[in-house]
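Chains as they are written, first to last, in the working numbering: chain U, 1 to 382; chain Y, 1001 to 1382. Heads up, the beta-carbon is just placed ideally off N, CA and C, and yes, glycines get one too. A short write-up of the structure that comes next.
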């Protein structure tokens, strides 16, 4: 327990009626041992993403309506940083993912993805930019845009998005199709794609579609619906992403260069009415890659993190994914690239889980997407 | 298959791409055999309740925004009936439950529960009234109010409600606390109560609190939160109700006269933040009855039905409950008044299930709470 939560536990014992709800740290049974859950911070609005700063400086967190804050390792919540761009905070839009430059110690660069309005006020798209974190950690300096999803088609849904740097320093952006299904198959549009760019926004010469006419050269893979989770597999160096299905059919994919992941032609989602998704041809179609893993009942999966920390041995080679509708943290046991077992955790919290990351201390850090959202620290008693 | 769904299946085969989503009847595995699911009607908005008419005349269904319709046994959807009262359709409010008089063949009386505005436009409460279904089934005549929840305190949440007649013809109304927690313990208010009245609204002389000062004589039991399911146990003749917990703690209760069911003093709900529910003293408190069954993770349970039809033997003595957040149909196997086994059904539909009833043909009839809601007919292949 941190000194703050230790102090709070004293206060709780002293001031609050003795109930299961009063404890600052609670435990829940799980297959691998007792989960310990403590609330590091609360009262935050629609938390979306977090990124750890080096040297125990805590973490950057985003609130969807447009705040970027620093929360200290012991849970002190800082004021919103200045220098953050104006975001289009409507529907699912707003300030979304945050990632640090691979050379953060040298360049202090912070990358943000967010919904940006089209100027007409009615449409928006996903934009990615970067700014330099000031030495006093109070603002982003010289923020500039390095990527814009074109055309701007969203009326409020399916912005994605996640930002992942690979080992060679390329930046992957996992996007949504702005709820405009067919665009995920249009290679001249940036909806429903994974794109791959350089940290300054330039297009790598070895991208799969470079030099082809009527194709956006940023495209890495296509046929995606709404990707809200992505992470680099620490054991293979490959990008993994996840996406929401329509009604059912949430997927995990390993996007390969130039490949088609099927949406909306192929989906495992089903409709309880008699009307299928207009473009859907079935669960599989010629030329589209099947998902690595699929859920027929949509948990509404979001941020994900591979567990590669020595702290909790039982979690080694596991993949954790937040679930919004299911209000759980999903634990997937991996054997190579195969999912061999699934466990649902933290259901007792009844909270929409938007993001999960592994801290430098080996604990899981979990964000809940609520009007009164919380940052949770989750460990294991072995 | 009804003639309509048989015809539709021909059309589907002829006109629609061959996909899992196109079939008018689908099957899903379950512990007791293959579930068969057909969509009788769709394109209905926020369906809330249904009641079967006698002699194969189909069923009355409510749409929350204020429509009462008749759907024929083969799924033809009628126009909204006239003579239905104006409802306060905000938040969770609107037209809610529908029930037939126990002497419907003679009196044609239809009972409705609904949210009614307080006149100031800001507050509302649950009201119950009845009208006579015209012989042409097109309107309710002489609708009059027989019960009003007093005072009107809701700003949009926790109206309940369900209507259940017992074997002696008493009408039970399962209510919510209008999201005003402490009122569930105030016996001079009708929030958070089960009330028991005569079909014309008079108060039975043998109600538990009759004659006591500062107590509403309609009160049967108290300490309830938001009751959205109720049914008469066909084997005991007792009323069963269910209610939503805060975060976790959904409950099934058997309300006994004059008893306290605990809310908000006793709850199994927990809060992931450090702040407990202000009034909560724990999961149990002196003088309050423990729930018969409780869920620590809230499925957000709604309408429920006991299965007492010879059609599907494997379901005998089962209790079915719709789940909104969990998007499932919950099957509870009973041994007397004990829940001995739970199964979750229809998760593959990814649909909020608002109500379930057993039809005269022994099939389950299920309503989905969606902007494009459906009436589903669910059977079992044994």
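Nearest candidate by alpha-carbon position, reference residue i, set the options
i                       : options                        : result
residue 314 of chain U  : U/26, U/134, U/35              : U/35
residue 363 of chain U  : U/57, U/338, U/38, U/31        : U/38
residue 1317 of chain Y : Y/1329, Y/1334, Y/1303         : Y/1334
residue 91 of chain U   : U/77, U/121, U/83, U/98        : U/121
residue 152 of chain U  : U/178, U/129, U/343, U/133     : U/178
residue 1218 of chain Y : Y/1230, Y/1194, Y/1224, Y/1236 : Y/1194
residue 223 of chain U  : U/267, U/374, U/154, U/87      : U/267
residue 173 of chain U  : U/136, U/155, U/128, U/150     : U/128
residue 196 of chain U  : U/182, U/367, U/221, U/309     : U/221
residue 98 of chain U   : U/320, U/253, U/133, U/77      : U/133
residue 1230 of chain Y : Y/1026, Y/1247, Y/1310, Y/1254 : Y/1254
residue 1338 of chain Y : Y/1225, Y/1233, Y/1287         : Y/1233
residue 343 of chain U  : U/77, U/263, U/321             : U/321
residue 55 of chain U   : U/262, U/245, U/361, U/114     : U/361
residue 1251 of chain Y : Y/1075, Y/1371, Y/1165, Y/1290 : Y/1290
residue 182 of chain U  : U/26, U/85, U/277              : U/277
residue 246 of chain U  : U/294, U/145, U/33             : U/294
Beta-carbon proximity check, residue i vs residue j, cutoff 9 Å
i                       : j                       : result
residue 51 of chain U   : residue 100 of chain U  : yes
residue 207 of chain U  : residue 227 of chain U  : no
residue 1159 of chain Y : residue 1131 of chain Y : no
residue 1199 of chain Y : residue 1109 of chain Y : yes
residue 346 of chain U  : residue 324 of chain U  : no
residue 1302 of chain Y : residue 1269 of chain Y : no
residue 280 of chain U  : residue 292 of chain U  : no
residue 1260 of chain Y : residue 1212 of chain Y : no
residue 190 of chain U  : residue 111 of chain U  : no
residue 1102 of chain Y : residue 1169 of chain Y : yes
residue 1319 of chain Y : residue 1331 of chain Y : yes
residue 1044 of chain Y : residue 1373 of chain Y : yes
residue 94 of chain U   : residue 64 of chain U   : yes
residue 30 of chain U   : residue 367 of chain U  : no
residue 87 of chain U   : residue 58 of chain U   : no
residue 154 of chain U  : residue 125 of chain U  : yes
residue 46 of chain U   : residue 357 of chain U  : no
residue 148 of chain U  : residue 187 of chain U  : no
residue 235 of chain U  : residue 308 of chain U  : yes
residue 74 of chain U   : residue 53 of chain U   : no
Beta-ladder partner(s) of residue i, from DSSP
i                       : result
residue 29 of chain U   : U/34
residue 1341 of chain Y : Y/1333
residue 1203 of chain Y : DSSP, once it has assigned bridges, lists no residue as partnering residue 1203 of chain Y.
residue 154 of chain U  : U/124
residue 370 of chain U  : BP columns for residue 370 of chain U are empty, so no partner.
residue 146 of chain U  : Answer is none; residue 146 of chain U lacks a bridge partner.
Three-way DSSP call (helix, strand, coil) for residue i in this model
i                       : result
residue 185 of chain U  : helix
residue 1140 of chain Y : strand
residue 382 of chain U  : coil
residue 44 of chain U   : strand
residue 1190 of chain Y : coil
residue 1245 of chain Y : coil
residue 1347 of chain Y : helix
residue 134 of chain U  : coil
residue 1159 of chain Y : coil
residue 1365 of chain Y : strand
residue 1377 of chain Y : strand
residue 1177 of chain Y : coil
residue 1355 of chain Y : strand
residue 1129 of chain Y : strand
residue 167 of chain U  : coil
residue 52 of chain U   : strand
residue 944 of chain Y  : The displayed coordinates of chain Y run from 1001 to 1382. Any statement about residue 944 of chain Y would go beyond what the structure contains.
residue 18 of chain U   : Note that residue 18 of chain U scores a pLDDT of 30, beneath 50, so its modelled location is shaky; the value from the coordinates is reported in the next line. Coil.
Those runs of the beta strand (DSSP E) which lie wholly inside the region 1065 to 1118 of chain Y and span at least 3 residues: 1067 to 1071, 1095 to 1100, 1109 to 1117
Which whole runs of the alpha helix (DSSP H) in the region 1248 to 1327 of chain Y are 4 residues long or more, in chain order? none
For the region 208 to 238 of chain U, which segments carrying the beta strand (DSSP E) assignment without a break, of at least 3 residues, lie completely within its bounds, in sequence order? The qualifying runs are 219 to 222, 226 to 232.
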